[in-house]
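Chemist:
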Amino acid sequence: MNFMKRHTDLDVVPIVVRGVPNGQRAERKWPISYESLNFATVLADAVIILSVGILTSTAYNIQAFGTTGDLGQHAGASAVVAALFIVLMKGQGMYRPAELLLLGKQLRAVCLVWATVFLLLAGILFTLKAGNQLSRGSILLFAGAGLGAIAVHRIFWRRLLTRGISQRRLSGRKIVLITDHQRFAGRNLPHLLARLGFQLDHHFRLPPPELGAQDRRDTINRVIACIRGSEVEEIVVGTDLSNWSDLRELVAQLRVLPLPVNLIPVGAISEIMKQPSQAFGNTVCVEIQRGPLTQFECIVKRTVDIVLAAAALVAFLPLLVAVAIAIKLDSPGPVFFRQRRCGFNGRCFQIFKFRTMSVQEDGATVTQAQRCDARVTRMGHLLRVTSIDELPQLLNVLEGTMSLVGPRPHAIAHDTAFDKVVKNYAFRHRVKPGLTGWAQVNGFRGPTPTPRDIELRVQHDLWYIDNWSFRLDFTIILQTFAEVLRRRNAY
């Protein structure tokens, strides 16, 4: 038997809507159902993006060149943006009605996906060498106006959806509800289904199994008799899957009816069914713990890392060359300092830095730099207080062993020692190490002479992992510039 869970998102609705007072009749239904909100939102997004793209490009061309430009080209570019945006949003599950009710989450997703789309568009134009065919001014205008229009659309849609649910204005299928578990008593399931637009024709409560199988069969026969010849379109069953044999018998008896039977589970299985799943052949695999970042978030973060790291290397290239020459003139030894560090999932990698000391430790014992450390060269002191010695790690970012933002990697010897002192220290390796991090912009950089110092640093690293967002990453990047100027613990 194939059972399909009804995605009514019952746990979300009571939090964000207010019910209709008892005795008050619902207003006239809107010509849209809860189940069709997904398609309606996709269609609205497509229309908005196409309209804004064509209008902004046309307006810019009229203002800048006195002509409307190629409308077909404007429409084509807008269609590409719309398609990418919708595919990425749909991949994130952002068109589900329950997600549309969560305005903050929607706005964050819209900003992230919109920025990703234009990064991808820039890459496509660069690869195809088609950048000269589109004005940068019109693209920037489209990006700003489009983001604003979609954000306003999400605010409007959330208010409309909340009103439709609270006033029972959504259209829906006529259903019969069958429940046999006491947990549904407190959830007022019929009321919740009515809020979502379903027209409840009848609600049957099956007697408990201990009263005898005949009583349950008699009730099911009454269900069948009620539905035959009626306009009922669907049967919804609310039950605990621990009574699997009873459920199989119920569905077997309902097979005489040409209607879909959908399941609303309770108990532990309901929590499992809310999790993302995928098919492994004929086997269903359910995700019970997600990584710190989803696959989509990893792709976007990696894209941002590559773009910003490459841009920074180009911008700082004259400085990097000058520093390399100064290091060679200042003291004997190589320009770069290489050391093994522990990265994502405990994988070792070789970190790059400008050499600032007269020694290059990379073994079982590594002594942290101290204030007025005799090992630091004259040029090294300047590089360390300005953090310029860290810039070669942009190469680590490009090769993928590091990210722009993340927990700072420690020497292997320090990792081994810290892991014995701090509980959950290894949790830092759940994401890529960073050029800068949340601990560093909060003053926890430099040496860690006491266990308390490393505990505070790790606490900030773990907070970053648990609360990661692109907004947080950009905040840390901006705060890093201020922290470099403050020179706290930089020696």
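Position 143 of the sequence shown, counted from 1, bears residue number 142 in numbering that gives the first Met the number 0, the numbering being contiguous throughout.
The beta carbon of each residue, even a glycine, is placed where N, CA and C say it ideally should be.
So V231 and F203 are in contact, right, with Cβ under 8 Å, and what is the actual spacing, rounded?
Modeler: In the sequence shown, counting from the first residue as 1, residue 231 sits at position 232. In the sequence shown, counting from the first residue as 1, residue 203 sits at position 204. Incorrect: roughly 12 Å between the Cβ atoms, too far for contact.
Chemist: Check whether the stretch 293 to 306 touches the stretch 409 to 426, taking contact to mean three or more Cβ pairs, one atom from each stretch, closer than 8 Å.
Modeler: With a cut-off of 8 Å, the stretch 409 to 426 and the stretch 293 to 306 do not count as touching, because too few Cβ pairs lie within range.
Chemist: When the Cα atoms are used, what is the spatial distance from A25 to K173?
Modeler: In the sequence shown, counting from the first residue as 1, residue 25 sits at position 26. In the sequence shown, counting from the first residue as 1, residue 173 sits at position 174. Because A25 sits at a pLDDT of 46, beneath the cut-off of 50, its placement in the model cannot be relied upon, and the following sentence gives the value as read from the coordinates. Approximately 16 Å, taken between the alpha carbons.
Chemist: With H, G and I counted as helix, E and B as strand and the rest as coil, what does DSSP make of G147?
Modeler: Counted from its first residue, the sequence shown places residue 147 at position 148. In the structure shown, G147 sits in a helix (DSSP, three-state: H, G or I).
Chemist: Return helix, strand or coil for M88, following the three-state DSSP convention.
Modeler: Residue numbering aside, residue 88 sits at position 89 when the sequence shown is read from its first letter. Reduced to three states, the DSSP call for M88 is helix.
Chemist: Bridge partners for A278 per DSSP, in chain order?
Modeler: Taking the first residue of the sequence shown as 1, we reach residue 278 at position 279. Per DSSP, V283.
Chemist: Quick check on P317: does DSSP put it in helix, strand or coil?
Modeler: Within the sequence shown, numbered from 1, the residue matching residue 317 stands at position 318. Residue state, collapsed to three classes: helix.
Chemist: Give me, in chain order, the residues of the same chain whose beta-carbon lies closer than 6 Å to that of S276; leave out the 5 immediate sequence neighbours on both sides.
Modeler: Looking up residue 276 in the sequence shown gives position 277. V283, V285.
Chemist: If you compare alpha carbons, which of F351, D418, G399, P408 is closest to I387?
Modeler: Here residue 387 refers to the residue found at position 388 of the sequence shown. Of the listed residues, the one whose Cα sits closest to I387 is F351.
Chemist: Quick check on the DSSP output: the alpha helix (DSSP H) that includes L169 runs from which residue to which?
Modeler: Against the sequence shown, residue 169 aligns to sequence position 170. Run containing L169: none; DSSP gives neither H nor E here.
Chemist: G379 lies in the alpha helix (DSSP H); which residues open and close that run?
Modeler: Here the question's residue 379 lines up with position 380 in the sequence shown. Its alpha helix (DSSP H) spans residues 377 to 385.
Chemist: One question on the structure: do V440 and Q478 come within less than 8 Å of each other, judged by their Cβ atoms?
Modeler: The residue given as residue 440 occupies position 441 in the sequence shown. The residue given as residue 478 occupies position 479 in the sequence shown. Cβ distance < 8 Å, so V440 and Q478 count as in contact.
Chemist: Counting C-beta neighbours from all protein chains within 10 Å, is the total for D465 16 or more, i.e. buried, or is it exposed?
Modeler: Numbered from 1 along the sequence shown, position 466 holds the residue referred to as residue 465. Per the 10 Å Cβ criterion, exposed.
Chemist: If contact is defined by three or more beta carbon pairs under 8 Å, each pair taking one atom from either stretch, is the stretch 266 to 275 in contact with the stretch 405 to 414?
Modeler: No: the two stretches stay apart, fewer than three of their Cβ pairs being nearer than 8 Å.
Chemist: Take the Cβ of N220 as the centre, count every other Cβ of all protein chains shown within 10 Å, and call the residue buried at 16 or more, exposed below.
Modeler: Within the sequence shown, residue 220 is the residue found at index 221, counting from 1. Exposed, because fewer than 16 other Cβ atoms sit within 10 Å of the Cβ of N220.
Chemist: Would you tell me roughly how many angstroms separate the C-alpha atoms of A114 and V255, rounded to the nearest one?
Modeler: Counting from 1 along the sequence shown, the entry for residue 114 is found at position 115. Counting from 1 along the sequence shown, the entry for residue 255 is found at position 256. Answer to the nearest angstrom: the Cα atoms are 52 Å apart.
Chemist: Considering N60, what are the terminal residues of the alpha helix (DSSP H) in which it resides?
Modeler: Here the question's residue 60 lines up with position 61 in the sequence shown. Taken as a continuous stretch (DSSP letters only), the alpha helix (DSSP H) holding N60 covers 36 to 64.
Chemist: Going by the CB atoms, is the gap between R289 and I326 shorter than 8 Å?
Modeler: Mapped onto the sequence shown, residue 326 falls at position 327. Mapped onto the sequence shown, residue 289 falls at position 290. No, the Cβ-Cβ distance between I326 and R289 is not below 8 Å.
Chemist: Give a single yes or no on whether L328 has its beta carbon closer than 7 Å to a heavy atom of the ligand GTP.
Modeler: No copy of the ligand GTP occurs in the structure displayed, which carries no ligand at all.
Chemist: Beta-carbon separation of T238 and D179 under 8 Å?
Modeler: To locate residue 238, count along the sequence shown from 1; it is residue 239. To locate residue 179, count along the sequence shown from 1; it is residue 180. Yes, Cβ-Cβ distance for T238 and D179 is below 8 Å.
Chemist: Whose C-beta lies closer than 7 Å to the C-beta of H518 among residues of the same chain, with five residues either side of it excluded?
Modeler: Coverage of the chain is limited to positions 0 through 490, which leaves residue 518 absent and any answer about it impossible.
Chemist: Measure how close the beta-carbons of R168 and L102 come, nearest whole angstrom, since I'm counting them as under 8 Å.
Modeler: Counting from one through the sequence shown, the residue named residue 168 turns up at place 169. Counting from one through the sequence shown, the residue named residue 102 turns up at place 103. Not quite, the Cβ-Cβ distance comes to about 19 Å (not below 8 Å), so this is no contact.
Chemist: Can you tell me whether I138 is helix, strand or coil according to DSSP?
Modeler: Mapped onto the sequence shown, residue 138 falls at position 139. Residue state, collapsed to three classes: helix.
Chemist: By Cβ distance below 8 Å, which residues in the same chain neighbour M88 in space, the five residues on each side in sequence not counted?
Modeler: For the purposes of this step, residue 88 is taken as the residue at position 89 of the sequence shown. Correct list, in chain order: D44, Y94, A108, V109, V112.
Chemist: What did DSSP end up calling L205 once you bin it into helix, strand or coil?
Modeler: Counting from 1 along the sequence shown, the entry for residue 205 is found at position 206. Here L205 sits in coil by DSSP.
Chemist: Please say whether P206 and R216 have beta carbons closer to each other than 8 Å?
Modeler: As a first step, residue 216 is located in the sequence shown; it is residue number 217 there, counting from the start. As a first step, residue 206 is located in the sequence shown; it is residue number 207 there, counting from the start. Taking 8 Å as the Cβ cut-off, R216 and P206 do not qualify as a contacting pair.
Chemist: Based on Cα-Cα distance, which residue from D472, S468, F417 lies nearest to L455?
Modeler: Along the sequence shown, one-based indexing puts residue 455 at 456. Of the listed residues, the one whose Cα sits closest to L455 is F417.
Chemist: Grouping DSSP H, G and I as helix and E and B as strand, with all else coil, what is L394?
Modeler: Taking the first residue of the sequence shown as 1, we reach residue 394 at position 395. Note: L394 maps to helix in three-state DSSP.
Chemist: Rounded to whole angstroms, what is the Cα-Cα separation between L461 and V116?
Modeler: The residue given as residue 461 occupies position 462 in the sequence shown. The residue given as residue 116 occupies position 117 in the sequence shown. Answer to the nearest angstrom: the Cα atoms are 30 Å apart.
Chemist: Would you mind stating whether N344 and H413 have Cβ atoms separated by less than 8 Å?
Modeler: On the sequence shown, position 345 is the one that residue 344 refers to. On the sequence shown, position 414 is the one that residue 413 refers to. No. Outside cutoff.
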